[in-house]
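See below for the structure under consideration.
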Amino acid sequence: MTNPFIPVLVLMGIAAVLALGGVGASAILGPKRYNRAKLEAYECGIQPTPHAIGGGRFPVKYYLVAMTFIVFDIEVVFLYPWAVSFADLAMFGLVAMMAFLVIITVPFVYEWRRGGFEWD
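With my numbering applied, the sequence shown closes on residue 123, and no number is skipped along the way.
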């Protein structure tokens, strides 16, 4: 009797060795031609400025779009497995998912009130 998680651990180990090996090999074998232009922050060909125009603040719309993505992502992560095993979960699964959907509507209502769904 072997542990069924041993292949997963071996695969994680191989992935870690390959990832670290690639980064290490590029650091050792890669060219090292540093100059002032390569060390500066890249701003799409425009000279970087110390402060962004408008005081350096991002518009709220940026954060609302990010929050929308996160909420949709979390919702899909929970809804898909629930839909797959819907018959096995019976009434407990239905009640739990309805509670989750009620809780997840709070960020949607907040974003709707902040104007996050108005794309103009």
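Backbone N, C-alpha and C define an ideal beta-carbon position, used for all residues, glycine too.
A contact is defined here as three or more CB-CB pairs under 8 Å, and the stretch 67-78 meets this definition with respect to the stretch 112-121. Residue state for E43 is assigned as coil, using DSSP reduced to three classes. For F81 against F103, the beta-carbon gap comes to about 6 Å, under 8 Å, which counts as contact. A straight line joining the alpha-carbon of E43 with that of V26 spans about 22 Å. In this structure, DSSP gives F120 a state outside helix and strand, which the three-state scheme calls coil. DSSP places P34 outside both helix and strand once states are collapsed to three, so it counts as coil. With fewer than 16 neighbouring CB atoms inside 10 Å of its own CB, G16 falls in the exposed class.
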